[in-house]
Amino acid sequence: GGRARSGLLCVPVYPRLFPVAVAALLAAHPLFAQEPVEAAAASITEDLILEHTRALSHDSLAGRGPGSRGDSLAQRYLIAELESLGLAPGSPDGGWLQPFELVSLRSTMPDTLRAVGPRGSAAFAYGTEWVGAAGRQAPRTEIRDAEIVFVGYGIVAPEENWDDYKGADVAGKILLFLNNDPTGDRFAGDTRLYYGRWTYKYEIAAEKGAAGAFVIHTTPSAGYPWQVVQSSFGGTEFELPAPAEERRIGVRGWLTHEAATKLVRLSEHDLDALDAAAQGPAFEPVPLGVTIDLAFTTELDTTRTANVLGRLPGSDPTLAETAVLYTAHHDHLGVGEPVDGDSIYNGARDN
Numbered sequence: 034g035g036r037a038r039s040g041l042l043c044v045p046v047y048p049r050l051f052p053v054a055v056a057a058l059l060a061a062h063p064l065f066a067q068e069p070v071e072a073a074a075a076s077i078t079e080d081l082i083l084e085h086t087r088a089l090s091h092d093s094l095a096g097r098g099p100g101s102r103g104d105s106l107a108q109r110y111l112i113a114e115l116e117s118l119g120l121a122p123g124s125p126d127g128g129w130l131q132p133f134e135l136v137s138l139r140s141t142m143p144d145t146l147r148a149v150g151p152r153g154s155a156a157f158a159y160g161t162e163w164v165g166a167a168g169r170q171a172p173r174t175e176i177r178d179a180e181i182v183f184v185g186y187g188i189v190a191p192e193e194n195w196d197d198y199k200g201a202d203v204a205g206k207i208l209l210f211l212n213n214d215p216t217g218d219r220f221a222g223d224t225r226l227y228y229g230r231w232t233y234k235y236e237i238a239a240e241k242g243a244a245g246a247f248v249i250h251t252t253p254s255a256g257y258p259w260q261v262v263q264s265s266f267g268g269t270e271f272e273l274p275a276p277a278e279e280r281r282i283g284v285r286g287w288l289t290h291e292a293a294t295k296l297v298r299l300s301e302h303d304l305d306a307l308d309a310a311a312q313g314p315a316f317e318p319v320p321l322g323v324t325i326d327l328a329f330t331t332e333l334d335t336t337r338t339a340n341v342l343g344r345l346p347g348s349d350p351t352l353a354e355t356a357v358l359y360t361a362h363h364d365h366l367g368v369g370e371p372v373d374g375d376s377i378y379n380g381a382r383d384n
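The sequence shown: position 137 = 170 (this note's numbering), numbered continuously.
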């Protein structure tokens with residue numbers, strides 16, 4: 034989904050697949066000594082997958098919000114399943130759990146985002162046209178008279194001879210990004226690289242000293258509709274505690290394609306033309322002459338959760354010390370705004 038995950042590292046939602054993934058590489062389990070592909074495929078059934086899906090998405094787990102009772106129940110379920118499969122505890126202290134602290138952030142965004150440009154002004158409705166979250170772990174964020182700069186895909190990739198910034202100073206600006214990465218012969222063709230992830234967009238914006246960043250959403254470029262983005266920004270965000278010296282942006286946001294088109298029209302430019310120019314390595318950042326003001330508050334708190342770590346020892350004398358890491362997150366969105374009277378975000382299809 035669109036939500037920035039809390040970084041939980043854990044065993045997969047379908048734990049019985051774990052020995053398949055590891056043993057196929059390490060030959061650690063006798064079940065797979067003969068015909069490993071056929072044996073693995075035969076072990077994966079609809080009933081098996083539904084068993085785990087129903088258990089982990091049950092109402093009693095209340096959406097598995099990080100640090101919640103449902104989170105703890107999910108951890109215990111995973112431990113029991115891994116133990117029944119014969120895996121050993123994988124935490125450095127000899128147990129199953131690797132506890133750590135998370136920072137929770139719940140921002141109160143304004144109902145409208147206002148922009149002013151050479152061709153007038155416009156207001157954008159929160160939720161239907163834009164969404165945003167705090168980029169810094171601070172109780173208040175203020176961005177005043179910040180100019181928006183279109184930076185194409187915002188990619189710096191020396192190995193592809195590609196730099197969308199071309200040395201431009203974007204410190205204190207609001208960066209406007211296309212989602213994903215360019216298609217064609219570069220960047221692995223249609224395969225999405227990390228350059229195409231929204232997390233990369235925010236990270237490079239922070240590295241460049243920007244005040245904030247907005248990603249332009251389209252369903253083809255994201256792989257999911259705008260409703261996923263809406264729900265992902267509808268509640269509490271979770272992050273690891275940020276080091277004091279870490280550079281971060283003030284706001285991490287998304288705009289619908291329609292809203293971005295309307296915003297760019299306030300300048301002397303056209304979004305389709307900018308998009309076309311951004312498809313090649315000669316692209317240079319385009320200051321739009323459009324400015325925004327944005328101020329919001331953020332409630333901060335801390336909570337503790339844990340990764341679940343299981344270990345299947347290898348038997349090969351040469352490869353036994355080599356680790357193959359197979360991971361998935363077990364958390365979800367928890368309890369949020371009711372949909373048809375149901376406030377539990379069960380997460381049956383989340384990972």
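Ideal Cβ positions, reconstructed from N, Cα and C, are used throughout, including at glycine.
In DSSP terms, what residue i is bridged to
i    : result
H250 : T289
N212 : Partner(s): none; N212 has no beta bridge.
N340 : Q131
V136 : E272 and T335
Y378 : G367
P122 : G343
I207 : I181 and G245
Rounded separation between residue i and residue j - CA only
i    : j    : result
A54  : A356 : For A54, the pLDDT reaches just 32, beneath the cut-off of 50, and the residue's location in the model is therefore unreliable, although a value from the coordinates is still provided. Each residue's alpha carbon lies about 12 Å from the other.
A171 : M142 : 14 Å
G374 : D349 : 54 Å
G128 : A75  : 31 Å
T331 : S140 : 4 Å
V372 : W259 : 16 Å
G380 : G283 : 29 Å
R147 : Y257 : 26 Å
P318 : D197 : 7 Å
S265 : E370 : 11 Å
A190 : G229 : 12 Å
T232 : L89  : 27 Å
D326 : Q131 : 42 Å
G100 : Q108 : 11 Å
Residue j beta carbon less than 8 Å from that of residue i
i    : j    : result
I188 : G245 : no
G98  : V368 : yes
L273 : L135 : yes
E180 : T324 : yes
G322 : G123 : no
G165 : R281 : no
A311 : Y186 : yes
A155 : L307 : no
T145 : Y159 : yes
V182 : K206 : yes
L299 : G150 : yes
L345 : L120 : yes
H290 : H250 : yes
S117 : F271 : no
Sequence-distant residues of its chain with Cβ nearer than 8 Å to residue i (five each side left out)
i    : result
D223 : T216
E193 : R219, F220 and P314
F133 : L273, R337, T338, A339 and N340
Cβ-based neighbour list, residue i, same chain, cut-off 6 Å, excluding 5 preceding and 5 following
i    : result
F247 : L209, G286 and L288
E106 : The sequence given here has Leu at residue 106, not Glu. Here the set comprises L94.
L204 : For the sequence presented, residue 204 should be read as Ala rather than Leu. Excluding sequence neighbours, A204 sits near G242.
A57  : Reliability fails at A57, whose pLDDT of 31 lies under 50, so the model's placement of it is uncertain and the value that follows must be treated cautiously. P69, listed in sequence order.
E162 : T289 and A292
Q238 : Before going further, note that residue 238 is Ala rather than Gln in the sequence given. The answer, listed in chain order, is L208, A246 and I282.
T86  : A381
Beta-carbon contacts of residue i that lie in its chain and below 7 Å, excluding the five residues immediately before and after
i    : result
R225 : N213 and D214
D104 : R97, G98, T338 and D364
F329 : S140, T141, M142, P143 and T174
K234 : G187, F210, A246 and V248
E84  : none
Near the ligand MG: residue i beta-carbon under 7 Å from a heavy atom
i    : result
P276 : This structure simply doesn't include the ligand MG, nor any ligand for that matter.
Scan the stretch 146-194 and note each continuous beta strand (DSSP E) run of 3 residues or more that stays entirely inside, going in chain order. As far as the stretch 146-194 is concerned, its whole beta strand (DSSP E) runs of at least 3 residues are 153-158, 163-167 and 173-183.
Minimum length 4: unbroken alpha helix (DSSP H) runs contained in the stretch 271-330: Complete alpha helix (DSSP H) runs here, min 4: 290-298 and 304-310.
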